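The working numbering applies: residue 9 is where the sequence shown begins, and numbers increase by one. Virtual Cβ for every residue (Gly too), placed ideally from N, Cα, C. The structure displayed is predicted, hence computed values, not measured ones.
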Amino acid sequence: MIGIWKQNFILGFVVGIAMFFAIIVANLAGSFIPILMDRIGFDPAVASGPFISTLSDLTSVLIYFNIAAYFMSFFVQTG
Numbered sequence: 009m010i011g012i013w014k015q016n017f018i019l020g021f022v023v024g025i026a027m028f029f030a031i032i033v034a035n036l037a038g039s040f041i042p043i044l045m046d047r048i049g050f051d052p053a054v055a056s057g058p059f060i061s062t063l064s065d066l067t068s069v070l071i072y073f074n075i076a077a078y079f080m081s082f083f084v085q086t087g
């Protein structure tokens, strides 16, 4: 959608790839953090909500910036 809106399909590709990996990481965190919290003795229902949200947001931004920086080296022409 962003590729059509901004008429830049490379940007749409980068955002799509970043969203794919961010969703994968968020799903893995949402699955494994409650199990980990239960094993170390915390209540998974109380402790994992804020922790999963924070971890998911942080990793989403890092994934997006890393993918954007990687593709910038291919598509941005210097000098």
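Sequence-distant residues of its chain with Cβ nearer than 8 Å to residue i (five each side left out)
| i | result |
| --- | --- |
| residue 57 | none |
| residue 48 | none |
Three-state secondary structure assigned by DSSP to residue i
| i | result |
| --- | --- |
| residue 88 | Absent from the structure is residue 88, since the part of the chain shown begins at 9 and ends at 87. |
| residue 9 | coil |
| residue 51 | coil |
| residue 16 | coil |
Own chain residues within Cβ distance below 6 Å of residue i, not counting five before or after
| i | result |
| --- | --- |
| residue 68 | 30 |
| residue 52 | 42, 45 and 46 |
| residue 34 | 64 |
| residue 83 | 18 |
| residue 26 | 71, 72 and 75 |
Same chain, Cβ closer than 7 Å to residue i, neighbours up to 5 away in sequence not counted
| i | result |
| --- | --- |
| residue 60 | 37, 38 and 41 |
TODO: Please determine if the stretch 14-23 and the stretch 76-85 are in contact, where contact requires at least 3 C-beta pairs separated by less than 8 Å.
DONE: A contact exists between the stretch 14-23 and the stretch 76-85.
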